[in-house]
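The numbering of the sequence shown is the UniProt record's numbering, which starts it at 1 and goes up by one.
Ideal placement from N, C-alpha and C gives every residue a C-beta, glycine not left out.
Predicted model, so just to flag it, every value in this text is computed and none were measured.
Everything below concerns the one structure shown next.
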Amino acid sequence: MSIISGLAYVLVILIILLSLASYFCSKRAHLSADTFDHSSSSIAGDQTSSSVQAGGAGLDEATITSYPKLAYSKVKLQYGNSTACCCSICLADYKETDMLLVLPHCGHLFHVKCVYPWLRLHATCPICRNSPSPPSLCISCSQITPLPNAPGVIST
1 MSIISGLAYV LVILIILLSL ASYFCSKRAH LSADTFDHSS SSIAGDQTSS SVQAGGAGLD
61 EATITSYPKL AYSKVKLQYG NSTACCCSIC LADYKETDML LVLPHCGHLF HVKCVYPWLR
121 LHATCPICRN SPSPPSLCIS CSQITPLPNA PGVIST
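So, in structure tokens, the structure goes:
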């Protein structure tokens, strides 16, 4: 019986060591990814609109506060029965006096206090992932001029 209990102790210690190693490796990878995202610049980052923050992928405060805010009672009157009855971020039912933010271009509604932190980190709607940024700032494929062929590159 002592051999079996000894193997059990060794197995438990191995599991604990592997768990700790996995935790520290994932933590280290997460930290290095955050450092890379904030310190690197990309071609796409140079072409983004001024409404996107320089340090992250979220929107700036002026853009976020420019979105329309309405009390839920007014939203119900304006949109009728087609409105959502709860915030998809916190999952709490809307009350008549709750202030809601209406995202442009998709019309999704959220509690102001719930969606502000999201928009500071992400430049998209939490539901449909469409960008609430004005479409005039986006670059379409028809506006991109092709690069001339480099020597030795065969064009199709």
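If I'm right that residue i touches residue j with Cβ under 8 Å, what's the distance once you round it to whole angstroms?
i: L100; j: Y67; result: Not confirmed; about 10 Å, so no contact.
i: L109; j: T83; result: 7 Å
i: Y79; j: Y94; result: The pair is not a contact, with the Cβ atoms about 12 Å apart (cut-off 8 Å).
i: C125; j: C106; result: 5 Å
i: A92; j: C86; result: 6 Å
What would DSSP say about residue i, mapped onto helix, strand or coil?
i: A62; result: helix
i: C86; result: strand
i: L101; result: strand
i: L109; result: strand
Would you report the Cα separation of residue i and residue j, rounded to the nearest angstrom?
i: R129; j: K69; result: 20 Å
i: T65; j: S88; result: 20 Å
i: H122; j: L17; result: 36 Å
i: F24; j: G6; result: 27 Å
i: K74; j: E96; result: 8 Å
i: L20; j: D98; result: 44 Å
i: R120; j: L77; result: 29 Å
i: I4; j: V112; result: 59 Å
i: A57; j: I127; result: 17 Å
i: A8; j: S131; result: 54 Å
i: residue 164; j: S22; result: Coverage of the chain is limited to positions 1 through 156, which leaves residue 164 absent and any answer about it impossible.
i: D2; j: S26; result: First, the residue type needs correcting, since residue 2 is Ser and not Asp in the sequence shown. When rounded, the distance between both Cα atoms is 36 Å.
i: S41; j: L14; result: Unreliable positioning characterises S41 in this predicted model, as indicated by a pLDDT of 36, which lies under 50. A coordinate reading is not provided.
Since residue i is in the alpha helix (DSSP H), which residue starts that stretch and which ends it?
i: K113; result: 112 to 121
How far does the beta strand (DSSP E) with residue i in it reach, from first residue to last?
i: K69; result: 69 to 71
Indicate whether the contact test is met: 3 or more Cβ pairs, each with one atom in the stretch 59 to 73 and one in the stretch 113 to 123, closer than 8 Å. yes
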